[in-house]
Structure formats: structure tokens, C-alpha cells
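*Asks:*
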């Protein structure tokens, strides 16, 4: 995962400006969709079933099913566990 600035919060006098609710909602929704897309892709590319991954990651199978069906605010710990169980790789944010 990487970060991509969509707006600048720097000004000439180095003061912070408040972000609008719309800007914050957009940033949060975009991050949720990106995490969801990553999770779905990793699961599809793995040779494991959702049931196997849920058991390996010690999460409820119904929870994993909900996470795969639609984007939502997935916890970093849950995302990290699932990515590791599916691929053996760790989640890196740069």
C-alpha cells in the first residue's frame, strides 16, 4: 500500500487548514475500497478457501464472508492476518 496526496495541507506560513467533511469522507472511502480490493485479490490468488483462511487467521467465517462481499472498515490486524495466511507475505505500507 502506498499513500498518494490528493490535496496539500501546506501553505506559505506552514499553518494547517481544516479539511472538509467531504474530503475526509472521500479519503476514508477510497482507503476502504483499496483495502477491500487488496483483500479480494489476495484471496482469489491464494489456493485456500475462505473457510480455511478464516480458521488459519482465527476469525469468524461469517466475518470474512462479509469482508469479501463489500468494502468496510476492516481492522489492520484482521487485514494483516488474512494477507499473511493467504500469501505468507506481510502487509507493507509505504
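Numbering (my numbering), first residue to last: 3 to 96. Built from N, CA and C at the ideal position, the CB exists for glycine as well.
Candidates 20, 86 and 26: which alpha carbon is nearest residue 57's?
*Replies:* Of 20, 86 and 26, the residue nearest in Cα terms is 86.
*Asks:* Do residue 48 and residue 17 have their beta-carbon atoms positioned less than 8 Å apart in this structure?
*Replies:* No.
*Asks:* Leaving out five residues before and five after residue 23 in sequence, what residues of the same chain have Cβ atoms less than 7 Å from its Cβ?
*Replies:* No residues qualify anywhere along the chain.
*Asks:* Relative to the alpha-carbon of residue 50, which residue among 94, 66 and 78 has its alpha-carbon at the smallest distance?
*Replies:* Nearest C-alpha to residue 50: 66.
*Asks:* Do residue 76 and residue 27 count as a contact pair if the criterion is CB distance below 8 Å?
*Replies:* Result no, Cβ atoms of residue 27 and residue 76 do not sit closer than 8 Å.
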